[in-house]
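Q: Residue numbers (this note's numbering): 286 to 1216. The C-beta atom is built at its ideal place from N, Cα and C for all residues, glycine as well. On a predicted model such as this, the values are computed, not experimentally measured, just so you know.
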Amino acid sequence: MFLTQPAVARTETKPAPIAALIRQVDIPYTQFTLANGLRVVVHTDRKAPIVAVSVWYDVGSKFEPKGKTGFAHLFEHLMFNGSENAPGDFYAPLKQAGGTDMNGSTYYDRTNYYETVPRTALERALFLESDRMGYLLGAVTQATLDRQRGVVQNEKRQGDNRPYGLVQYKLTEGLFPPGHPYGHTTIGSMADLDAASLDDVKNWFRAHYGPNNTVLVLAGDIDAASAKPLVEKYFGAIPRGPQNLAPKVEIPTLAVAKSEVMTDRVGATMLLRAWTVPGINDTDSTALDVAAGVLGGLSSSRLDDILVRKEKLAVQVSAYNASFAQLGTFTVRAVVRPGVDAARVAARLDAIVADFLKTGPSADEVGRYVTERVSATIAGLERVGGGGGKAVTLAEGALYSNDPGFYKKQLADLAAQTPAHVRAVAARWLSRPVYALTVAPGARDAYAEAVVPPPAPVAAKVEPPVKGTRGAMPPAGAAIDLTYPKITRTRLGNGIEIVYAQRGAVPFTRAVLSFDAGYAADVAGRSGTAGFALAMLNEGTATRDATALAEAKERLGAGIGMGIGADRTSVSLSAPSVNLAPVIDLVADMVRHSAFAPAEIERKRAELLAGIAQELTDPGALANRVLPPLLYGAGSPYAKANGGGDPAAIAALSRDDLIAFNAAWLRPDTAKLFVVSDLPLADVAAAFERGFGDWTATGARGVKTFTAPAPATPKIVLVDRPDSPQSMILGAVPNHLAGTDELLPLIVANDALGGGFLARINMNLREDKHWAYGASGSIQRIQHAAPYLVSAPVQADKTGAAIAELRKELTGYVGAAPMTQAEFDRAIADATRSLPGSFETAQALLGGMQNNDLWQRPDEYYATITARYRALTLPEARAAARAAIDPARALWIVVGDAKVVRPQLDSLGLPVEVIPAASVATMRRAAGLQE
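1. Let me make sure I understand the geometry here. Which of A880, E892, L893, E839 has the alpha-carbon closest to that of P867?
2. Taking the beta carbon of H469 as the centre, do at least 16 other beta carbons fall within 10 Å, making it buried, or is it exposed?
3. Is the beta carbon of S608 sitting closer than 7 Å to the one on G564?
4. Please report the residue range of the alpha helix (DSSP H) in which T814 lies.
5. List the residues that DSSP assigns as beta-bridge partners of T391.
6. Buried or exposed: which applies to L530, given that a residue is buried once 16 or more other Cβ atoms fall within 10 Å of its Cβ?
7. In this structure, does DSSP put L288 in helix, strand or coil?
8. Looking at the strands, I want to know which residues DSSP matches up with Q601.
9. Pull up the DSSP beta-bridge partners for P726, would you.
10. Cβ atoms of A553 and A895: under 7 Å apart, would you say?
11. Decide yes or no for the touch test of the region 366 to 386 against the region 396 to 414: beta carbon pairs closer than 8 Å, at least 3 of them.
12. Thinking just about the alpha-carbon of each residue, which of D640, D979, G816, L938 is nearest to the one in N779?
13. Ordered along the chain, which non-local residues of its own chain (more than five positions away) have a Cβ less than 6 Å from that of L951?
14. When the distance is taken between beta carbons, is V575 closer than 7 Å to Q702?
15. Looking only at C-alpha atoms, which of D649, K675, E650 sits nearest to A661?
16. Report back the beta-carbon spacing between L1139 and R853 to the nearest angstrom; my notes put them in contact at under 8 Å.
17. If we count Cβ pairs, one from each stretch, closer than 8 Å, do we get three or more for the region 987 to 1004 versus the region 429 to 442?
18. Once the 5 residues before and after T385 are set aside, which same chain residues still bring their CB inside 7 Å of it?
19. Rounded to whole angstroms, what's the CA-CA distance from D903 to S1204? Just pull it up for me.
20. Is there contact between the region 354 to 367 and the region 469 to 486, where contact requires at least three CB pairs shorter than 8 Å?
21. Ordered along the chain, which non-local residues of its own chain (more than five positions away) have a Cβ less than 8 Å from that of A305?
22. Thinking C-alpha only, which one of S716, A1023, G444 is nearest I1079?
23. Considering only residues of the same chain and omitting the five flanking positions on each side of Y685, which have a CB-CB separation below 6 Å?
24. Look up P462 in the DSSP assignment and say whether it is helix, strand or coil.
25. How many Å lie between M1208 and V856 at the Cα?
26. With a CB to CB cut of under 7 Å and the five nearest residues on each side skipped, what residues in its chain are close to A764?
27. Suppose you measure from the CA of R1092 to the CA of P1172; what does that come to, to the nearest Å?
28. Check the C-beta distance from L580 over to A619 and give it rounded, since I have them as a contact under 8 Å.
29. Measuring alpha carbon to alpha carbon, tell me which residue in A1017, A1023, A1060, N1020 is nearest A1037.
30. Just the Cα atoms here: how many angstroms apart are G505 and K332?
31. Please determine if the region 926 to 936 and the region 620 to 635 are in contact, where contact requires at least 3 C-beta pairs separated by less than 8 Å.
32. When the distance is taken between beta carbons, is P1010 closer than 7 Å to N446?
33. Report, in whole angstroms, the separation of the C-beta atoms of N321 and N497, which I expect to be a contact under 8 Å.
34. So, are the CB atoms of G435 and H1055 less than 7 Å apart?
35. So if DSSP puts M1134 in a beta bridge, which residue, or which two residues, is it bridged to?
36. Less than 7 Å between the beta carbons of A1175 and P999, yes or no?
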């Protein structure tokens, strides 16, 4: 083994009791209701000068009648396209104010919109949200409807285009009778979306989006006394609308068990078992959460332990209880190990579920699930807004359960679960007839939604004038500079450096043990070695097998993960700080005493090979496998990035190979610790000293040698993936930059080209052409390179035209149509004003600390970044774009249906090379690129 220290007897430290953890979960709030029925919930959190605004409408897809499926989600999109007193894109004035976490979503029970803004911009956010609530319809035009209909349809195609992307439709049809409120997907049908008229969508809005059907949550640097007059000012004049009445919902039970088989272009057979169950307000839902966790949610779950680890019949398993307002769905899934009879796996899957219903979980299993769930809840308390912060918790409770504090009842119910109760509830609901679905590899089943309708005329988009009936939009407010915490460095006894920052918002610690390795350290000719060797850290130590490791992690409420980037390999941990010492001991055992047991190596090998097979059916994964050797040249360490690796190499790697790799790369002299905790540095350092301070390296350290990139000549590589309703376009422009260069001028320049929703690339392909759900451009900043990448999944019949548009945007931006003064000013305003929101969480701070280290910047870089932004000029940004982006050097990877796409590409003036998707894993060996 690569370890220099023998495994020693473990000293167990008891984890904190569940009751002690639950006491840490508290979101105090005040609520009031306006005369028009708007319910307002306010939570004060002064840790940062930001306020989360979360608006939840009591309207989702369950309210949609036959023939109007997808309307709630379509209207979510329409409500981002401006209102009568704020025409144009909703994001624009928020971006100028430094908004972060801006988005919206729709599901069966609700539509929500959210943004986090500096406290000085709160009035602007309230003006915008109230204007689209009460003063929207004058800005909804036929042109807006046509464009957003196209965007939504491409969102649907993008989901459908993924492996197993059609399962959601089969599952919904199999569980629910026709006409059931939950009996269609939120995205809706193409036919209903095509049929939607302007009057239809306006009437839908009038019927559902009144203030009396809405919950507004303000969370952050605000209190109820200051919030109430602001909410009255902006929302008080909006009249009530019709009251939404939840549809009558029965929890359907199948008359008899139902089994179906579908084929799709997938890498392995997937087995599904599903039932409808009670929703969030039924106490049975909590017991079903526990049942799902024990069956297939925990790392130590029954399905993982039996099907994956012991019997080696499956490579992935899961169980999940999805609780909605009026019912839920309980789903069990297993991906069959290639070469194993699916019928055999199905029989074992059913037998394990049946045994669970008969015997129930153990007290330890229940306790581990509850601890993990409560730990995740504590971690989530740090964030005030976005899609999953405290504002969401309060809004969901208010809307679904008429109680913003409903989370307290859920936690109390969770803590009260017993094995007998969980078994009884699971038996009550999961003994009913099951819906079973098998998804087998093969040609994708034909489905009507894949058909692209004939082109229809789209009305010209003309922005309506500002009505001005509510006065001017409030200003963005004074900018608030970022207060960046002090970064402190110290070392363990063996020299491992700790980079530390203290954050006390929640009693939680996050840390990353970072090794100077990454994909660039992978073994030439044997790509995947780095990933295989890293994965084995999770598969058992000298004193714990894989299941015991998982159980220990769960008892501590810890998250332990492994990751590989271009330049660094990492082991991360997160845990309630009260459990930090035993969590560090556990991580140290995994990193220092990994067993590399032969049986576990063979099991993991099969899982990795199955994962590679899955990658070869995924559009994004295929594109990212093809690009690196073309972009960097075959001899570059960065060309080794190859997804899960070369299947032939994975199949041939020995135990000694894996041990040797970790001995060379995962060692104390390549390691650095990054920590953000509420605990003082002395306590943190002492805990890590105990786990890692006596770790010493042996043997030669690995070496990475970087040379100048040698990219391929410009061309288009078309990866043929039949039956693809969309094409995945990945463009790459090589340059001579490195991640350690000062790239701030280029980052600012990219803001208007590809860096956000309002960027030219996205506005062209999504908002103007509606050929894509989203498109972007970014700087792939790694230590020794910084190429410019463009990503655009587009509908298949527009592939060639989309590449032409992308080339036009790139050429114009570095030529005749460079960044404008208005775009520059917007980029600087957003970059500086958004900083307090961008570093709200410990996770964000931890990422910034690692970036500073990787890119060789001082620890106080972010403390000075506002001044750096303000010192930039428009000519500097333009010059940076011209220096980094030469459109004539661009390489293009397209993953799509060749019979549809190839004729479109031949007219673009670039050589086109076509390769089958199935050959992508072996093309490097065939071309000698691995040797």
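A: Concretely, from the data shown:
1. Your numbering for residue 867 matches position 582 in the sequence shown. Checked all of A880, E892, L893, E839; the closest Cα to P867 is E839.
2. By one-based count along the sequence shown, residue 469 stands at place 184. Taking a 10 Å sphere around the C-beta of H469, we find 16 or more other C-beta atoms and assign the residue as buried.
3. Counting from one through the sequence shown, the residue named residue 608 turns up at place 323. Counting from one through the sequence shown, the residue named residue 564 turns up at place 279. Yes, they are a contact pair.
4. The residue you call residue 814 lines up with position 529 of the sequence shown. Counting along the chain, the unbroken alpha helix (DSSP H) around T814 starts and ends at 814 to 820.
5. The residue given as residue 391 occupies position 106 in the sequence shown. The partner list for T391 (beta bridge, DSSP) reads T396.
6. Here residue 530 corresponds to residue number 245 of the sequence shown, with the count starting at 1. Result: exposed.
7. As a position in the sequence shown, residue 288 is number 3, starting the count at 1. With a pLDDT of 29 at L288, under the threshold of 50, the modelled position of this residue cannot be trusted; read the value that follows with caution. If DSSP states are grouped into helix, strand and coil, L288 belongs with coil.
8. Here residue 601 refers to the residue found at position 316 of the sequence shown. According to DSSP, which records beta bridges pairwise, Q601 is partnered with V620.
9. For the purposes of this step, residue 726 is taken as the residue at position 441 of the sequence shown. DSSP output for P726 lists D549 as bridge partner(s).
10. The residue you call residue 895 lines up with position 610 of the sequence shown. The residue you call residue 553 lines up with position 268 of the sequence shown. Yes; because the gap between Cβ atoms is below 7 Å, this pair is in contact.
11. A contact exists between the region 366 to 386 and the region 396 to 414.
12. Walking along the sequence shown from the start, residue 779 turns up at place 494. When C-alpha distances from N779 are compared across D640, D979, G816, L938, the shortest belongs to D979.
13. Your numbering for residue 951 matches position 666 in the sequence shown. F800, listed in sequence order.
14. Along the sequence shown, one-based indexing puts residue 702 at 417. Along the sequence shown, one-based indexing puts residue 575 at 290. Here Q702 is near V575, since their CB atoms are less than 7 Å apart.
15. As a working note, residue 661 is residue 376 in the sequence shown. The option with the nearest alpha carbon to A661 is K675.
16. Residue numbering aside, residue 1139 sits at position 854 when the sequence shown is read from its first letter. Residue numbering aside, residue 853 sits at position 568 when the sequence shown is read from its first letter. Distance from L1139 to R853 at the Cβ level is roughly 7 Å; contact confirmed, criterion being Cβ atoms closer than 8 Å.
17. Segments in contact, no.
18. Counting from 1 along the sequence shown, the entry for residue 385 is found at position 100. Correct list, in chain order: T401, S1119, G1122, S1123.
19. Mapped onto the sequence shown, residue 903 falls at position 618. Mapped onto the sequence shown, residue 1204 falls at position 919. Separation of D903 and S1204 (C-alpha to C-alpha, rounded to the nearest whole angstrom) is 13 Å.
20. Cβ pair count under 8 Å is three or more, so yes.
21. The residue labelled residue 305 in the question sits at position 20 within the sequence shown. V863.
22. Position 794 of the sequence shown, counting from 1, holds the residue named residue 1079. Per the sequence shown, residue 1079 should be read as Val rather than Ile. Nearest C-alpha to V1079 among S716, A1023, G444: G444.
23. Start at 1 with the first residue of the sequence shown, and residue 685 comes out as number 400. Cβ neighbours of Y685 beyond the five flanking positions: I565, A610.
24. Indexing the sequence shown from 1 puts residue 462 at position 177. If DSSP states are grouped into helix, strand and coil, P462 belongs with coil.
25. Locating residue 1208 in the sequence shown gives position 923, where the first residue counts as 1. Locating residue 856 in the sequence shown gives position 571, where the first residue counts as 1. So the alpha carbons of these two residues sit roughly 31 Å apart.
26. Residue 764 sits at position 479 when you count from the first residue of the sequence shown. Non-local C-beta neighbours of A764 in its own chain, meaning closer than 7 Å and more than five positions away in sequence, comprise T1117, R1118, ordered along the chain.
27. Working through the sequence shown from its first residue, we reach residue 1092 at position 807. Working through the sequence shown from its first residue, we reach residue 1172 at position 887. In this structure, the CA atom of R1092 is about 7 Å from the CA atom of P1172.
28. Numbered from its first residue, the sequence shown carries residue 580 at position 295. Numbered from its first residue, the sequence shown carries residue 619 at position 334. A619 and L580 do not touch by the CB rule: their CB atoms are close to 11 Å apart, not below 8 Å.
29. Taking the sequence shown and counting its residues from 1, the one referred to as residue 1037 is at position 752. The shortest C-alpha to C-alpha distance from A1037 to any of A1017, A1023, A1060, N1020 is the one to A1060.
30. Taking the sequence shown and counting its residues from 1, the one referred to as residue 505 is at position 220. Taking the sequence shown and counting its residues from 1, the one referred to as residue 332 is at position 47. Using only the alpha carbons, I get a separation of about 8 Å.
31. The region 926 to 936 is not in contact with the region 620 to 635.
32. In the sequence shown, counting from the first residue as 1, residue 446 sits at position 161. In the sequence shown, counting from the first residue as 1, residue 1010 sits at position 725. If you check the CB distance, N446 and P1010 come in under 7 Å.
33. One-based indexing of the sequence shown puts residue 321 at position 36. One-based indexing of the sequence shown puts residue 497 at position 212. The pair is a contact, with the Cβ atoms about 6 Å apart (cut-off 8 Å).
34. Against the sequence shown, residue 435 aligns to sequence position 150. Against the sequence shown, residue 1055 aligns to sequence position 770. For G435 and H1055, yes; Cβs fall inside 7 Å.
35. As a first step, residue 1134 must be located in the sequence shown, where it is residue number 849. According to the DSSP secondary-structure assignment, M1134 is paired through a beta bridge with no residue.
36. Here residue 1175 is taken as the residue at index 890 of the sequence shown, counted from 1. Here residue 999 is taken as the residue at index 714 of the sequence shown, counted from 1. By the CB criterion at 7 Å, A1175 and P999 fall inside the cutoff.
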